[in-house]
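Counting from 54, one number per residue, gives the positions in the sequence shown under our numbering.
Glycine included, C-beta positions come from ideal geometry on N, C-alpha and C.
First up is the structure itself, then whatever we jot down about it.
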Amino acid sequence: MAIRAPGARLLRDVPFRFIEARGREKRSVDAQITLVPFIDFLLTVVVFLLMSFSSSGEITVLPGLPDAEHGATDATIAPVIAIDADQVTIDGRRVADTRALLADARLARVEPLVRDLEVQRDNWQVLHPGQEAPTDVVVQVSREVDFRAVRKVLFSVTQAGYAGVGLAVRPR
């Protein structure tokens, strides 16, 4: 037996012609995708995009909320103030820039925030005559926000007449 270069010889050295023909078959270049799995994939992508899309642009839960072991989970009607590294929003509307709050070292009111909270309280009293306006707010603060900005927002909340402050956290 002669010495040959190594290589694939599984079907090459078999003397049967039908085996020789089978080993040299080529697959077609045009691969057919079955339609049902492709439609399932597209439907899954569409449902995912619809569920993750928010038309208001409001971030319902900020990434990087602090963890808490104990806390109340009762739902109340309250304005939601979200503070992240870039902006301060109330119910999805931008009221201040976080970097601008950190630029001034003094403890001062955030006037647009105070105005919005007072307008919300006045609207509540107009829509619900004879009822006490809620004095609670929910504050969502991202972990990377400096406490000086949080302190200014909390000071502004109390200046607007809201005494109860709930901090949004992730449960452990």
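For L160, there is no enclosing alpha helix (DSSP H), as DSSP gives it neither H nor E.
Contact check for V172 against K205 fails: the beta carbons are separated by 7 Å or more. Nearest C-alpha to V210 among W177, V198, V191: V191. With distances taken between CA atoms, G219 lies nearest to V133 out of D93, I56, L96, V133. Within the same chain, and ignoring the five residues on either side of Q178 in sequence, the residues whose Cβ sits closer than 7 Å to its Cβ are A186.
Annotated three-state conformation of A153 is helix, per DSSP. The segment 160–200 is shown to contain whole alpha helix (DSSP H) runs of 4 or more residues at 164–180, in chain order. V141 has its alpha-carbon roughly 13 Å from the corresponding atom of R201.
Bounds of the beta strand (DSSP E) holding T142 are 140–143. Counting along the chain, the unbroken beta strand (DSSP E) around I134 starts and ends at 133–136. In the DSSP assignment, I56 falls outside any alpha helix (DSSP H) and carries neither an H nor an E. Short of 8 Å from the beta carbon of L166, and not among the five residues preceding or following it, lie these beta carbons of its own chain, in chain order: I134, V141, I143, V148, A149, V206, S209, V210, A213. The alpha-carbon of T87 is positioned some 15 Å away from that of L96.
In the DSSP assignment, L220 forms a beta bridge with V192. Rounded to whole angstroms, the gap between the alpha carbons of M104 and P59 is 56 Å.
Distance from the CA of D137 to the CA of D199, rounded to the nearest whole angstrom, comes to 10 Å.
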